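S.K.: One structure follows; several queries about it will come next.
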Amino acid sequence: MGAQLVGMTDEKEGTLAAKTGPTIRRLQLGQELRRLREQTERGDGTGRGLTREQAVKGTSVTETQLHRVEKGVTSLPKVQQLRQLLDRYGVTDLDDVEFLLDVHKNSLDRGWWSPYRTFMPSGFNISVGLEGDAKIIRAYQPNVIFGLFQTEGYMRAMFEISKPVEERTTEFVERNIEIRLRRKEIITRTNRPVEIHAILDEATLVRVYGSVEVMRNQHQHLAELAALENVTVQILPMGQPVYRSTKNFALMEFEQPLPSVVSIDTWEGVSVTDKDTEIWNTARRFDAMRAEAASPRETQRFLERAAREWEQT
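Numbering (full-length UniProt numbering), first residue to last: 1 to 313.
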């Protein structure tokens with residue numbers, strides 16, 4: 001009997017009717033291909049579960065290529081390669097084949113960020129693609145205002161300060177501002193705005209970037225965002241001995257059956273993983289800080305007060 005697409009049945013039945021982007025489609029396709037490979041009989045009497053080396057035997061897919069596809073990093077460039085793998089895995093149901101071919105086709109689409117990839121650090125395009133399809137984002141940023149909450153003035157001040165040190169070009173600065181402004185649209189879009197719960201360290205609110213006007217506008221913007229129904233902001237008090245993660249992170253949750261992922265900014269680039277241990281550890285860090293942080297209502301008052309204080313500066 002041919003293999004069944006048990007991992008994507010809900011979507012086929014319409015549970016995930018909303019349009020999703022190419023990054024999430026690559027993640028879906030990779031997840032399903034890995035599951036199909038692991039449930040396929042080896043044919044040598046040793047049971048189920050083909051290795052990647054065994055899976056690509058007799059196909060035009062390389063072992064490295066399959067590894068990257070299963071991780072959702074890339075997609076198969078040719079539809080024939082997907083057909084070869086599905087034949088290898090015994091997927092015979094025509095509806096299943098057509099469904100996966102459609103997912104593959106969508107995974108090849110170019111995301112809006114594609115023209116900017118030259119200006120993105122390693123792994124950042126994956127993170128950007130995923131956040132647009134996330135249902136919930138839980139984030140922590142200890143050093144600067146959370147990127148999706150920054151005003152254009154704050155962004156520009158940040159990039160301009162680091163420009164001579166990091167040897168960035170004017171084009172790099174402008175393109176990155178464009179990217180960040182475009183990313184912010186997921187908060188206020190009409191269709192399925194993402195739910196964001198962000199924890200900010202109080203130190204990020206008093207650390208000055210740009211002029212008094214920039215900081216005043218930034219605090220006013222934060223207060224406006226915190227008032228939105230889909231946004232929750234909490235401030236981690238600077239003067240209290242509370243737990244603080246040493247890492248920034250964004251924990252993204254999606255509609256079932258897709259796994260959650262964690263995105264972390266590093267000096268080398270952006271790291272994105274769906275490992276269960278990393279998801280659990282990150283959720284634990286977030287919950288610990290959320291319990292110690294000022295409540296959303298207290299944070300709202302704090303932001304409004306801070307904005308007024310900047311007006312008087």
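Using N, Cα and C, we set each Cβ at its ideal position, and we do this for glycine too.
Here the structure is a predicted model, which is why all the values come from computation and not from measurement.
Taking DSSP as the reference, what is the three-state secondary structure of E268?
M.R.: coil
S.K.: Give me the Cβ distance between A306 and H219, rounded to the nearest whole Å; I'm assuming they're in contact under 8 Å.
M.R.: Contact between A306 and H219 holds: their C-beta atoms lie close to 5 Å from each other, under 8 Å.
S.K.: Check the C-beta distance from F302 over to K135 and give it rounded, since I have them as a contact under 8 Å.
M.R.: Separation of the CB atoms of F302 and K135 is rounded to 28 Å, and the pair is thereby denied contact status at 8 Å.
S.K.: For L16, count the other beta carbons within 10 Å of its own beta carbon; 16 or more makes it buried, fewer makes it exposed. Which is it?
M.R.: For L16, the pLDDT reaches just 37, beneath the cut-off of 50, and the residue's location in the model is therefore unreliable, leaving the point undetermined.
S.K.: According to DSSP, simplified to helix, strand and coil, what is R301?
M.R.: helix
S.K.: When the distance is taken between beta carbons, is L50 closer than 7 Å to R37?
M.R.: yes
S.K.: I think S245 touches Y140, with their Cβ atoms under 8 Å apart; what is that distance to the nearest whole Å?
M.R.: 6 Å
S.K.: Which ranges does the beta strand (DSSP E) cover as unbroken runs of at least 3 residues, wholly within the UniProt domain "HTH cro/C1-type" (48-97), from first to last along the chain?
M.R.: none
S.K.: Taking C-alpha atoms, which residue in M155, R192, E174, A283 lies nearest to H221?
M.R.: Measuring from the Cα of H221, the nearest candidate turns out to be M155.
S.K.: Given 8 Å as the limit, is there contact between the region 182-196 and the region 227-236, that is, 3 or more CB pairs closer than that?
M.R.: yes
S.K.: Identify the continuous beta strand (DSSP E) that holds V233 and give its terminal residues.
M.R.: 231-236
S.K.: For the region 265-275 against the region 116-134, do three or more pairs of beta-carbon atoms, one drawn from each stretch, fall closer than 8 Å, so that the two count as touching?
M.R.: yes
S.K.: Which residue comes first and which comes last in the alpha helix (DSSP H) that contains E202?
M.R.: 202-206
S.K.: If F159 sits next to N143, beta carbons under 8 Å apart, how far is it from one beta carbon to the other, in whole angstroms?
M.R.: That pair is no contact at about 15 Å.
S.K.: Quick check on DSSP: helix, strand or coil for Q39?
M.R.: helix
S.K.: Quick one, which of R290, N191, R183 has its alpha-carbon nearest Y116's?
M.R.: Cα-wise, what sits closest to Y116 is R183.
S.K.: Is it the case that the Cβ atoms of P97 and A157 are separated by a distance below 7 Å?
M.R.: Note that residue 97 is Val in the sequence shown here, rather than Pro. Going by C-beta atoms, V97 is not nearer than 7 Å to A157.
S.K.: Give the straight-line distance between the Cα atoms of K78 and R189, rounded to the nearest whole angstrom.
M.R.: 34 Å
S.K.: Which first and last residues belong to the alpha helix (DSSP H) in which L228 is found?
M.R.: Where L228 is concerned, there is no enclosing alpha helix (DSSP H), given that its DSSP letter is neither H nor E.
S.K.: So, is I126 buried or exposed, given that buried needs 16 or more other C-beta atoms within 10 angstroms?
M.R.: buried
S.K.: Could you tell me which residues DSSP puts in a beta bridge with V262?
M.R.: L251, T273
S.K.: For the beta strand (DSSP E) containing I136, list its first residue and its last residue.
M.R.: Per DSSP, I136 belongs to the beta strand (DSSP E) from 136-141.
S.K.: Leaving aside the five residues before and after E13 along the sequence, list all residues of the same chain whose C-beta is less than 7 Å from its C-beta, in chain order.
M.R.: Confidence at E13 is low in this model, with a pLDDT of 47, below 50, so its placement is unreliable and the value that follows should be read with caution. Excluding residues within five positions, none has a Cβ falling inside 7 Å.
S.K.: Could you name the residues of the same chain whose beta carbon sits closer than 8 Å to that of T178, not counting the 5 residues immediately before and after it, in chain order?
M.R.: Looking at the sequence itself, residue 178 is Glu, so the reference to Thr does not match. Around E178: Y116.
S.K.: Which runs of the alpha helix (DSSP H) fall wholly inside the region 142-215 and span at least 4 residues, in chain order?
M.R.: 152-166, 170-183, 185-188, 202-206
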